[in-house]
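Numbering-wise (UniProt numbering), the sequence shown opens with residue 1 and increments by one.
Using N, Cα and C, we set each Cβ at its ideal position, and we do this for glycine too.
This structure is a prediction, so every number in the text was calculated from the model and none was measured.
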Amino acid sequence: MIKFVRANIDVFIWSAFDMLGIPADVIIYKLNVDLGFKPVQQKKEVLLQRGVIYQHLANKIFKHQINRNMKVYVDDMLVKSIEEDWHITNLKKVFRELRKHQMKLNPNKYAFGVALGKFFDFLINQRGIEANLEKIHALLEMKCPTIIRKIQQLTRRIAALSQFISKSAERCLSFFKTLRQIKNFNWTIKCQSAFDDLKKYLSSVPLLSKPVEGKELYMCVSISPNAVSSVLIREDIDIQRSIYYISRLLRGIEI
């Protein structure tokens, strides 16, 4: 990777004065205007935001890479590779487009060979998708709730991690029942047992897998008198890998 970056040092700039400028055929648009008609004054319109313009240019310049080995998120570009051996090849394709359109990279805003990172509060790495450690630690460090407000705080923290927790609604049933007793708050033995089990479950950071294009997905459903839960999984050789958990409490008769 270091060898590749050094070989392509010309693509990086350290000053705005070194910018060559994007070719006019990429950023300039012309209209077919019939000179026989008089010009008509148009209403004033707000200029597009910088992020929208950037997104449009990125979509045009990297049209052969986007959704294949590249993703563009407003003002962030990500070159991704499933296999490590493919990564240099994918980077070469992107750098070829950068040179073609005279685009330069700011070295302070780029990183190479990244194996993990945060995305929407989740930790993405080679193993899969991990829950936010800060949210897990916040829950693990909670003491037994003594008032309704603390139970509400507990259920909110569980909801933020629900996609990582198997049968979350079933596990938290005793908490929700306690919430209904606003006037007669009572932290029962069942509540304490569920609280301890939940902490034990989260003591090892839950890990989710990602779907693989072309691979079949399976949904397993579990139904109890109080809740319905499901998990989306894929099979990897002889291992079943969880992709997403869903759980919901049943309230009365539902169709």
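Asked                                                                                                       : Found
Completely contained alpha helix (DSSP H) runs for the region 173–229, where each covers 4 or more residues : 173–179, 189–202
Element boundaries [beta strand (DSSP E), containing Ser-242]                                               : 239–249
First through last residue of the alpha helix (DSSP H) which encompasses Val-79                             : No alpha helix (DSSP H) contains Val-79, which is instead part of the beta strand (DSSP E) from 76–79.
Per DSSP, the bridge partner or partners of Val-114                                                         : Partner(s): none; Val-114 has no beta bridge.
Rounded straight-line distance, which links the Cα of Val-11 to that of Glu-170                             : 55 Å
Cβ contact (3+ pairs, closer than 8 Å) linking the region 195–206 and the region 116–132                    : yes
Option in Ser-209, Gln-181, Lys-177 with minimal Cα separation from Ala-194                                 : Lys-177
Residue burial classification, Leu-91 (beta-carbon count within 10 angstroms, cutoff 16)                    : buried
Residue from Ala-111, Ile-151, Ser-162, Tyr-218 whose Cα sits closest to the Cα of Leu-179                  : Ile-151
Cα-Cα separation between Lys-63 and Val-212, rounded to whole angstroms                                     : 22 Å
Assigned secondary structure, Val-72 (DSSP; H/G/I helix, E/B strand, else coil)                             : strand
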